[in-house]
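Heads up: the sequence shown is residues 4 to 443, going by this note's numbering.
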Amino acid sequence: MNGVPGEGATARELIAAVAPVFTELPGRAASTPGGPLGWPGYDDARARARKRTGETEAVVCGIGESGGTEAVLIAFEFGFLGGSIGEETGERIENAFITARDLSLPVVSLIASGGSRMQEGMYALTQLQRIARQMVRLRAAGLPHLAVLAGPVTGGGWATLGAGADVRVALPGAQVGFAGSRIRPRDADPAAYTAEGQLAVGQVDEIVSADEVGRAVARWLALLTRPATGPVAPPRALRAVPLPESGWQAVQRAREAERPRAEAYVRAHFTLRAPLASLDPGIACGFGQRDGKSVAYVAQGGTATSPAGFRAATRLVLLADRLSIPVLTLVDTPGAANGAEAERDGVGAAIAEAITAVAGCRIPVTTLLVGEGGSGGAVALTSPGNTWVTPDSYYSVVAPELAVAILKRGPDAVRETAEQLRLRPQDLVELGIARGIVPL
């Protein structure tokens with residue numbers, strides 16, 4: 004395969020594509036005749052799998068180096084009984100996670116697995132609990148877990164190491180889903196069981212081509228293991244404008260189409276970026292690198308933030324906190340989505356989860372208000388003690404037009420109300436809401 008993996012790649016080919024330097028961890032071969040259930044013909048099936056693949060089990064585990072970062076690798080051999088998970092597989096995966104904790108190394112799972120091994124019955128299924136326990140312990144140790152979905156990735160392989168990883172990267176067209184092809188409903192949409200289908204519903208973070216997977220793993224490992232020292236300084240302003248003379252002028256300026264958006268700030272601030280999934284196009288989440296160190300970021304794009312957007316932000320903040328990576332939030336929203344669909348999707352609960360995630364962070368969070376700061380949609384992602392503002396932004400308990408409606412004032416009172424809300428950048432600094440106005 005010339006070092007370029009794809010669906011059907013062997014474990015060794017997957018490893019070679021990701022980590023040219025690799026030292027295998029020892030693992031014992033199956034020792035119980037017939038397996039734990041004494042399944043007829045199981046020994047012969049394992050013998051054929053060993054002869055066909057050259058492997059003694061469905062996973063190869065070891066320590067490799069990718070882009071200068073050492074990691075523990077767990078690579079599945081799909082040619083060995085469909086990469087299925089049995090007792091010996093579970094033991095090898097468990098030992099790999101223990102090794103990662105002992106050496107304070109991240110874990111990269113290269114997955115091509117059909118799930119639990121039928122010939123071992125419930126003994127196979129309980130391996131998922133064994134694996135999950137080790138994943139929890141890796142998280143408690145503050146170490147990241149990256150999954151590469153080489154495909155097929157179904158059953159317990161997806162429901163533990165795949166979907167349970169901190170970051171999920173997939174190869175194009177890979178089969179990814181809990182139900183394998185032989186047990187799905189006959190009328191099921193096949194697109195739902197692909198990497199692209201999982202990306203569309205936020206269960207995959209990134210799809211990378213086969214020849215890019217090695218670089219993608221190196222990029223993610225660098226971003227997840229080299230945190231900046233926080234709190235990070237806010238980005239500088241991208242537009243030179245005088246401070247607004249009135250509250251209404253501040254609102255109008257923040258709504259100007261030509262104003263720099265959060266994406267422009269992210270692009271200017273970081274030299275390297277990698278995205279986490281977000282089903283809200285108005286929310287961008289991920290990790291960026293500046294001066295060789297990593298910062299997690301959440302960037303609002305100027306639209307009303309949906310429940311899915313708040314959930315994406317919460318996932319980012321919680322992950323960054325666990326990995327001790329400082330967070331930068333770029334706030335720009337007229338407010339949270341307030342339609343019936345948002346209510347049915349639990350917008351209040353989603354805001355609560357986001358605001359408590361930020362409030363509960365052990366690592367420092369820096370906020371830069373770059374446009375509109377509208378009500379709970381903005382405060383949910385705002386650092387209570389480290390907020391900065393640009394000259395073309397405003398921050399308010401609610402937009403002036405809505406304040407007028409709430410206070411039962413006439414529409415001609417919008418300008419006066421905007422002034423009374425004290426929402427200008429300089430007002431926010433004077434009131435102690437913001438620490439300062441960032442310079443150009």
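We treat Cβ as the ideally placed atom computed from N, Cα and C, and that holds for glycine.
Between the options, which lies nearest to residue i when the distance is taken from Cα to Cα?
| i | options | result |
| --- | --- | --- |
| R427 | L410, L372, L282, L241 | L372 |
| A221 | A153, P109, L326, L84 | P109 |
| T26 | R276, I77, P43 | I77 |
| A22 | R218, A345, G160, S69 | S69 |
| G295 | T232, G305, E16 | T232 |
| P245 | V441, P43, E16, R15 | V441 |
| S184 | L410, A203, G154, P39 | G154 |
| A299 | A182, L321, R189 | L321 |
| V464 | A311, L431, T359, R412 | The structure shown does not extend to residue 464, since the chain spans only 4 to 443, so no value can be given for it. |
| A345 | I366, I134, F313 | F313 |
| A437 | Y398, T390, P414 | T390 |
| V75 | M121, Q252, L410, V24 | V24 |
| A260 | V204, A360, H148, G374 | G374 |
| R136 | N98, G124, R262 | N98 |
| L227 | P234, Q292, R187 | Q292 |
| W177 | Q201, I366, V361, P36 | According to the sequence shown, residue 177 is Ala rather than Trp. Selected option, being the one with the closest Cα: Q201. |
Alpha carbon to alpha carbon, how far is residue i from residue j?
| i | j | result |
| --- | --- | --- |
| A143 | I101 | 12 Å |
| T274 | V254 | 31 Å |
| D47 | V368 | 57 Å |
| N5 | G217 | Note that N5 scores 39 on pLDDT, short of 50, meaning its location in the model is unreliable and no value can be drawn from it. |
| E422 | A408 | 16 Å |
| S309 | T420 | 27 Å |
| G11 | E80 | 9 Å |
| G30 | T163 | 21 Å |
| G86 | S116 | 4 Å |
| A195 | L174 | 15 Å |
| S107 | W223 | 17 Å |
| D208 | Y45 | 38 Å |
| A340 | T197 | 30 Å |
| A458 | A416 | Because the chain in this structure spans residues 4 to 443, residue 458 falls outside the shown range and cannot be described. |
| D324 | E199 | 29 Å |
| D214 | A20 | 8 Å |
| G413 | E356 | 36 Å |
| G250 | R418 | 7 Å |
If the criterion is Cβ atoms closer than 8 Å, does the pair residue i and residue j meet it?
| i | j | result |
| --- | --- | --- |
| G379 | I354 | yes |
| A50 | L84 | no |
| G158 | S212 | no |
| R171 | D395 | no |
| V156 | V111 | no |
| L279 | G289 | yes |
| A236 | T393 | no |
| A316 | L405 | no |
| E90 | P39 | yes |
| G377 | A402 | yes |
| E82 | R55 | Note that residue 82 is Gly in the sequence shown here, rather than Glu. Yes, the Cβ-Cβ distance between G82 and R55 is below 8 Å. |
| A265 | Q303 | yes |
| I210 | G160 | no |
| R104 | C64 | no |
| T336 | T370 | no |
State whether the segment 255 to 269 contacts the segment 326 to 340, with contact taken as three or more CB pairs (one from each stretch) at a distance under 8 Å. yes
In chain order, what are the residue ranges of uninterrupted alpha helix (DSSP H) at least 4 long that sit wholly in the segment 75 to 129? 90 to 106, 124 to 128
Where in the segment 389 to 424 do unbroken runs of the beta strand (DSSP E), each at least 3 residues long, occur, reported from the N-terminal end onward? 390 to 392, 397 to 399
Quick check: the segment 124 to 142 against the segment 181 to 200, are there 3 or more CB pairs under 8 Å? no
What are the complete beta strand (DSSP E) segments, minimum 3 residues, inside the segment 26 to 81? 62 to 69, 72 to 79
Please give me, in chain order, every unbroken run of the beta strand (DSSP E) with length at least 3 that falls completely inside the segment 314 to 381. 330 to 336, 368 to 377
Report the start-end ranges of each beta strand (DSSP E) in the segment 209 to 233 that is 3 residues or longer and not cut off at the edges. none
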